[in-house]
Amino acid sequence: MRVREWVTSFGSRVTADEATSIGTGLTLLAAAVSATLVLPLGWLVVDVFTLGSRAIDLTVAPTTMRVLVRTVALVAVVTGASVVVGVPLAVLTVQAKLPLQRFWTVVIALPLAIPSYLGAFAAVSAFGPRGALTNALAPLGVPKLPTVYGFVGAAVVLTLYTYPYVFLTTRASLLSLDASLVEAARTLNAGRWEAFKRITLPQITPGITAGALLVALYTLSDFGTPNIMRVEVFTQFIYARYNAFMRDYAALLSLQLFAVTAVILAIESRIGIDESGAYESRGNRGATTLDLGRWRYPATLLPAGIGAVAILLPIGIFGMWFLRTGPGYATGSMSFSWSYGWNSVYVSLLAAGGAILVALPIALRSAVSESVVATVADRAPYVGYATPGIVLAIALVSFSLDVVPALYKTIPLLVFAYVVRFMPQAIGPIRTSRMQVDRGLVEAARTLGRSRLAAFRSITLPLVLPGIATGAALVFLTTMKELPATLILRPLRFDTLVTYIWRVQEAGLYGQAAVPALVLVVVSGLSMAVILAQEGGRKSDQ
Amino acid sequence: MERDTRLSRRQVLGTLAAGSTAGLAGCSGLLGGGGGGGDGTEGTNGSGNVEIPALSAFRGSGALVEGRSAPGGTSIEELPNLSGSLNLYIGGGEGGIYYEFVEMLQEIYPEFQVFASSASSSSLAQTVVEEVEAGAPQADVFWSIDASSLGFVADNDAYEPLPDEVVEPVPSGFRGEDNAWVGVAGRARSIPYNTEQLSEGDVPNKVREIPNTDALRGTMGWAPTYGAFKSFVTAMRLLRGEDAAREWLVSMREAGTEQYPNEFVISSQVADGALTAGFANHYYALRVKNSRPDAPLGLAFTENDAGALVNVAGALRIEGTEKGELVNNFVRHLLSSEAQEFFTTVSFAYPMISGVAPPGDLPTVDQLNPPNIDLSELSDLEPTLELMREADVLG
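Top to bottom, those sequences are chains A and B.
For reference, each letter of the first sequence is one residue, going 1 to 542 in the numbering used here.
For reference, each letter of the second sequence is one residue, going 1 to 395 in the numbering used here.
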C-alpha cells in the first residue's frame, strides 16, 4: 500500500505543470459540451414566463407537493432496492463460482434490455385483476392476489428493470479490482466480511454510486411504468398536462423535476467524493475469492428467480398476446415491418457513437480533476438524463423552431436528443475505468520517451476501452427503448420498434405488439453481449 | 423563398424516410390486392388514368360487415385525381387504422405521396400551433382523432378555412366554426353491457342515474387515462357544472368502478362476463363483436347528456400550407363514399355522410340524441383534470 501511494504521489508530482495546461483545455471542452447539451432546456424557462405569477401558485400548490413527495419516495425506494439486489448479484457472479456462471451473468443483465413499461404491462396482464396468473390461480383456491397497482407494484417493477445498472457498474469495478489486496488483507487475519468492508467496498463504491445514480435518474424520468401502475409521479403529472394543452404548466413542472435532479446529483457527489481508493494497479484482477462450496447451487436460485420474473414472464405475456385473437380487422399500416427494427438500430448506433464522442472528454477530465468547473461539467449532463423524454422533446421542438428550423424533425436533432438524454450512461463506465488506470504506468511510458498522445494511445486507451464499449452499449440499448422523444422528434414516416409498439398498443392491438417487443428484447440483448464480451476480453488479458 | 429551401430539405428527408421504410411499400401493396385485378373501374379525369378498386377493397371483413348495402354519397371516381406530395400530421391510436386509407389512396394515385407523422392528437395540435407561430409549418393537413385538438388549433388561428363545397356533406354539428375543420369519422360514447347479466332496459338512459342503479354497482369498468374519457368528463362539466361532474366521479369510484388501461380491454371484459358493463367508445364493442359474433355484448346509449357525446376524428387545413388545393381535394376523398364505408367497416366509426349506414345494427347519429355541445370547447381540459384529481380519479 505504501509503495503504491508513493508511486502515485511521485507520478503526480512529475506532471503537475503539464497536467494543468492540458487540463484547462479539456475542462473548457467538457464545459462547452455540457453547456450545449443543457442549453435547449433553458427554453423551458422561457415557456414558463408565459405563466406569469400563476407559476408561483402552481409551484407551491399542495397537490404539487404531494406529487413531489411521492416521486422522491419512489426514487429512494427503487434506488435502495436496486443496490440491495444488484451488488450481491455482482459479487456472486464475479467472485463466487456459480454453476453456469456466464449464463447467469447474461440472465441477470438482460432485464435492462426490456423497457420497464413493457415489464409493467406484463405484470399487470399477469397479476392484475383477471390477469393470466390470477385466473390460473383462481381454481386452486386463491381468490384474489394482492393488487399489483400502486406504489409497491411500481417500485417492484422499476427495480426489476433497473437494478442491472448497479449490477453492471459494480461488476465492472469488481472485475478490475486488485484481488491481491483482498488476499493480503485476508493473510493479515481480516475476516471475509472485514476484508470486503475495508478493501473491496471502498474500491467498488464509485461503481455502485454510478449505477445507483443511473437508477435514481431513470426512475425520476420514467413515465410509462408509473403510468401503467397508476402511481401519480411528476412525469405522469407532466404528461397529463402536456396532453391537455398546458405546455407551459408542463414546462414549470419540468423545472421542478430538475430541482430534484440537482439534489440527487449533490447526494451522489458526496458519496462518490473520496475516490482516492479507486486508483488501482494492475494486479490479480477479478480473481475468485468467494468459495460458496455446496451453497453455490441454492445461490443460483437468486438469479434464476429474478430471470423468471423479469424475463420469462413478459416473454410469456407477449407470446400470449401473439396467440390471442385480435380485434378482427385488416391491419395495413398497423402491420409490422422489419424496417422499424432497422430504424431503431440505425438511430441507436448514431446515438451511441455521438454519446461516446461527447462523453469521452468529460469522463476523462472528471476522472482526474477536482476543479469546480470539471465537477460542474461532469454533473451538468445528468440534467439531460433526468429530463423526461417528453419534456426534452418539448424543449427541443420549441428550441429548433425558434433557433434552427433546419434541424426540426430531422435525424440529427433526434440523435442530439438521445445524446443529451443518455450520454451520462457512457460517462459513468468510462470514468470508472479511467480512474482505475494506474497513473504510474502512464508516467512510466512518458519517462521512457513516449509522447503524451502515444502514451494515451498505448496505455490509457486500451485500459478505458472496456469502459467505452460498456458506455456505448448502454446508450445503444436505452436508445432502442426510448419512447416519448422518439415519438415527437422523429422525421415524418420514420417509425421505430417502440413507436410501432406504442401505436398498436394505443389502438388496443396487443397481439401486434408481441413480435416487435420480442425483436426489441433480442436486439437489446445482443448489445448486452457486447458489454459482457468486453469483460471476457479483459479477463483473458491477465 | 425560404419556404422553397425548406421544402427541398423536406423532400430529402422524405426520400430518406421512404428509403429506410422500404418495407412499408411492400405492406401497402397487400392492401390494394383485393380490387387490383379486373374488377376495377377506370377513372378518366385528372392527368393520367387511374384504376379505382371495387368497393369490396374498401370494406373490412367479419360478421358485422357482411350484407351491407352499397354506400351513397360522392364516389372517388367523381373526384379529381390526387397528385403531388402532402405532409400529414395524424393522431395516434385510431389514426393508425385511418392511415390505411391514406395508403390505399397512394396505391390508387401513383403520383400522390403522403409523408405522415403520428403522435397523440393533442401533442400534434400543440406542435401545429407552435410551428405556425414560428412561421415554419411542417405539415399541410392535421387529421386528429378528436375534436378538442382541432378546436385547440382553431382557437389559436393556426388553420385555413375549408371551402363550403368540401364540408357541405357533413352535418353542421360535426364541423368547426368558420369551416376550420370537418369531421370525417364519428366516435360515440356508449355503455357496453353483458347481455347475459342485463337487458337493455336495465341500463338507465342518463349517466347521472348509473351510480344509483343497483344492477351496475361495483361491476363496471372505466379508463380515466384515455382521452375520450376526459372529453366525456369535460362534456359533463360543461353541461352540468363542476360540482355535479365531481360528485358523479366520486360516486362512481365509491361504487367500486374498476380502472382499466384502455376501452378495448373494458369491452372485452364485458364480453367475457368479467364486468357487467363499462364506459367505452362504441367501436371497441363492435370490434369484439366482429371477431366473436356470439359474444353476449350489447351497446346502450344514454340520451341528451355527456354519456351520449359524439366526438369526431376530423381534418384541418394548416395555416401557411402551399398545397391548399391538394388539401381540399384530399379532404373530399376522406368524405367520399368509399372512405366513409372504409371508416365504418374497418374501424367501426360512425360515418359522417348521410348515404352510409352506421356499423352493425347501431342507431344512426340522428337517433343517438347527443348532447347539444360545441365540440371545440372540449379542449378546455385544465378544469377537468383538476376536478378529476379532486375526485381522486387519476387521469
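All C-beta atoms in this analysis are idealised placements derived from N, C-alpha and C, irrespective of residue type, glycine included.
Remember, predicted model here, so these are calculated numbers, not experimental data.
Output the distance between the C-alpha atoms of A:ILE204 and A:TYR149, rounded to the nearest integer angstrom.
For the purposes of this step, residue 204 of chain A is taken as the residue at position 204 of the first sequence. For the purposes of this step, residue 149 of chain A is taken as the residue at position 149 of the first sequence. Cα-Cα distance, rounded: 35 Å.
Span separating the alpha-carbon of A:LEU213 from that of A:VAL260:
Looking up residue 213 of chain A in the first sequence gives position 213. Looking up residue 260 of chain A in the first sequence gives position 260. Their Cα atoms are separated by approximately 13 Å.
4-residue-minimum alpha helix (DSSP H) runs that sit fully inside the region 429-493 of chain A, ordered along the chain:
Listed in chain order, they are 439-447, 452-455, 461-481 and 484-489.
Near A:SER527, which residues of its chain fall below 7 Å by C-beta distance, leaving aside the five closest residues on each side in sequence?
As a position in the first sequence, residue 527 of chain A is number 527, starting the count at 1. Within the same chain, A:SER527 has close Cβ partners ALA473, PHE476 and LEU477.
Comparing alpha-carbon positions, which option in A:ALA113, A:THR93 and A:VAL78 lies nearest A:VAL530?
Within the first sequence, the letter at position 530 stands for residue 530 of chain A. Ranking the options by Cα distance to A:VAL530, first place goes to A:ALA113.
Sorted by chain position, which residues of the same chain lie with C-beta nearer than 7 Å to A:ALA359's C-beta, five sequence neighbours on each side aside?
Stepping through the first sequence from its first residue, residue 359 of chain A is reached at position 359. Short of 7 Å from the beta carbon of A:ALA359, and not among the five residues preceding or following it, lie these beta carbons of its own chain, in chain order: MET423, ALA426, ILE427, ILE430 and GLY471.
Chain A contact for B:SER379 (CB, 8 Å cutoff)
In the second sequence, counting from the first residue as 1, residue 379 of chain B sits at position 379. Put simply, the CB of B:SER379 is near chain A, with a gap under 8 Å to one of its CB atoms.
Along the chain, where does the beta strand (DSSP E) that runs through B:ASN87 open and close?
Along the second sequence, read from residue 1 onward, the residue named residue 87 of chain B stands at position 87. Note, B:ASN87: beta strand (DSSP E), 84-91.
Return helix, strand or coil for A:LEU118, following the three-state DSSP convention.
Residue mapping note: residue 118 of chain A aligns to position 118 of the first sequence, counting from 1. Here A:LEU118 sits in helix by DSSP.
Under 8 Å by beta carbon: chain A residues contacting B:GLU254
Here residue 254 of chain B refers to the residue found at position 254 of the second sequence. Near B:GLU254 there are no residues of chain A at all, since even the closest Cβ is about 17 Å away, more than 8 Å.
What in chain A is Cβ-close to B:PHE152, meaning under 8 Å?
The sequence position of residue 152 of chain B within the second sequence is 152, counting from 1. Using a Cβ-Cβ cut-off of 8 Å, B:PHE152 is close to PHE245 of chain A, given in chain order.
According to a CB-to-CB cut-off of less than 7 Å, which residues of the region 93-122 of chain B neighbour chain A?
Residues GLY93, GLU94, GLY96, ILE97, TYR99, GLU100, GLU103, PHE115, ALA116, SER117, SER118, ALA119, SER120 and SER122.
Taking Cβ-Cβ distances shorter than 8 Å, what residues in chain A pair up with B:ARG389?
To locate residue 389 of chain B, count along the second sequence from 1; it is residue 389. Ordered by position in chain A, the residues that pass the 8 Å Cβ test against B:ARG389 are THR63.
Which residues bound the alpha helix (DSSP H) around A:TYR297?
Walking along the first sequence from the start, residue 297 of chain A turns up at place 297. Judged by DSSP secondary structure, A:TYR297 falls within the alpha helix (DSSP H) whose first and last residues are 296-299.
Candidates B:ASP157, B:VAL331 and B:GLU263: which alpha carbon is nearest B:MET220's?
Taking the second sequence and counting its residues from 1, the one referred to as residue 220 of chain B is at position 220. Comparing Cα-Cα distances from B:MET220 to each of B:ASP157, B:VAL331 and B:GLU263, the minimum goes to B:GLU263.
CB-CB under 7 Å to B:VAL65, same chain, minus the five flanking residues each way: which ones, in chain order?
Position 65 of the second sequence, counting from 1, holds the residue named residue 65 of chain B. Answer for B:VAL65: ARG59 and THR345, listed in chain order.
A:VAL67 CB to nearest heavy atom of the ligand FAD below 7 Å
Annotation note on the ligand FAD: not contained in the displayed structure, which lists no ligands.
What does A:GLU232 touch in chain B if you count any residue whose Cβ is under 7 Å from its own?
Working through the first sequence from its first residue, we reach residue 232 of chain A at position 232. The CB of A:GLU232 comes closer than 7 Å to the CB of LEU394 in chain B, given here in chain order.
Compare the beta carbon distance of A:THR460 and A:ALA172 with 8 Å and say whether it is the shorter of the two.
Taking the first sequence and counting its residues from 1, the one referred to as residue 460 of chain A is at position 460. Taking the first sequence and counting its residues from 1, the one referred to as residue 172 of chain A is at position 172. Contact check for A:THR460 against A:ALA172 fails: the beta carbons are separated by 8 Å or more.
On the DSSP letters alone, give me the boundaries of the alpha helix (DSSP H) that B:LEU162 sits inside.
Position 162 of the second sequence, counted from the first residue, corresponds to residue 162 of chain B. Under the DSSP assignment, B:LEU162 falls outside any alpha helix (DSSP H); it carries neither an H nor an E label.
With DSSP collapsed to three states, give me the class of A:ILE531.
Counting from one through the first sequence, the residue named residue 531 of chain A turns up at place 531. DSSP, reduced to helix, strand and coil, places A:ILE531 within a helical segment of the structure shown.
At least one CB of chain A closer than 8 Å to the CB of B:LEU375: is that the case?
On the second sequence, position 375 is the one that residue 375 of chain B refers to. Closer than 8 Å: no.
C-alpha gap between A:ARG270 and A:PHE167, whole angstroms:
Numbered from its first residue, the first sequence carries residue 270 of chain A at position 270. Numbered from its first residue, the first sequence carries residue 167 of chain A at position 167. Whole-angstrom Cα-Cα distance: 21 Å.
When the Cα atoms are used, what is the spatial distance from B:TYR284 to B:PHE348?
Residue 284 of chain B sits at position 284 when you count from the first residue of the second sequence. Residue 348 of chain B sits at position 348 when you count from the first residue of the second sequence. So the two alpha carbons sit approximately 8 Å from each other.
Who are B:ASN281's beta bridge partners in DSSP?
The residue given as residue 281 of chain B occupies position 281 in the second sequence. Answer is B:ARG189, bridged to B:ASN281.
The region 386-406 of chain A: positions lying closer than 8 Å to chain B by Cβ:
In summary, the residues of the region 386-406 of chain A whose CB is separated from some CB of chain B by less than 8 Å are VAL397, SER398, LEU401, ASP402, PRO405 and ALA406, in the order they occur in the chain.
Closest residue to A:VAL521 among A:TYR297, A:VAL345 and A:GLY141 (Cα-Cα distance)
For the purposes of this step, residue 521 of chain A is taken as residue 521 along the first sequence, with counting starting at 1. Selected option, being the one with the closest Cα: A:VAL345.
So with CB distances below 7 Å, who are the chain A contacts of B:GLU131?
Counting from one through the second sequence, the residue named residue 131 of chain B turns up at place 131. Those are LEU401, listed as they occur along chain A.
Is the beta carbon of B:ALA398 sitting closer than 8 Å to the one on B:ARG189?
No statement about residue 398 of chain B is possible, as the shown extent of chain B runs from 1 to 395 and does not include it.
For B:THR44, which residues in the same chain have their Cβ closer than 8 Å to its Cβ, ignoring the five residues on either side in sequence?
For the purposes of this step, residue 44 of chain B is taken as residue 44 along the second sequence, with counting starting at 1. Unreliable positioning characterises B:THR44 in this predicted model, as indicated by a pLDDT of 43, which lies under 50. The coordinate reading is nonetheless provided below. The beta carbon of B:THR44 lies closer than 8 Å to none in the same chain, with the five residues before and after it left out.
So B:PRO383 and B:ARG246 are supposed to be a Cβ contact under 8 Å. How far apart are they, rounded?
Position 383 of the second sequence, counted from the start, is the residue given in the question as residue 383 of chain B. Position 246 of the second sequence, counted from the start, is the residue given in the question as residue 246 of chain B. Not a contact, Cβ separation roughly 10 Å.
How would you list, in chain order, the residues of chain A whose beta-carbon sits under 7 Å from the beta-carbon of B:PRO261?
Along the second sequence, read from residue 1 onward, the residue named residue 261 of chain B stands at position 261. Those within 7 Å of B:PRO261 in chain A are ILE228.
Step through the CB atoms of chain B and report whether any lies within less than 8 Å of the CB of A:ILE199.
Against the first sequence, residue 199 of chain A aligns to sequence position 199. No, no contact with chain B.
B:GLU341 at chain A interface by Cβ criterion, 8 Å
Translated into the one-based positions of the second sequence, residue 341 of chain B becomes position 341. Under the 8 Å criterion on CB atoms, B:GLU341 is classed as non-interfacial with respect to chain A.
Measure the alpha-carbon distance for A:PHE196 versus B:ILE97 and round it to whole angstroms.
Taking the first residue of the first sequence as 1, we reach residue 196 of chain A at position 196. Taking the first residue of the second sequence as 1, we reach residue 97 of chain B at position 97. Near 59 Å, if we compare the C-alpha coordinates of B:ILE97 and A:PHE196.
At 4 residues or longer, what runs of the alpha helix (DSSP H) sit wholly inside the region 342-411 of chain A?
If you keep only unbroken alpha helix (DSSP H) runs of at least 4 residues inside the region 342-411 of chain A, you get 372-386 and 389-402.
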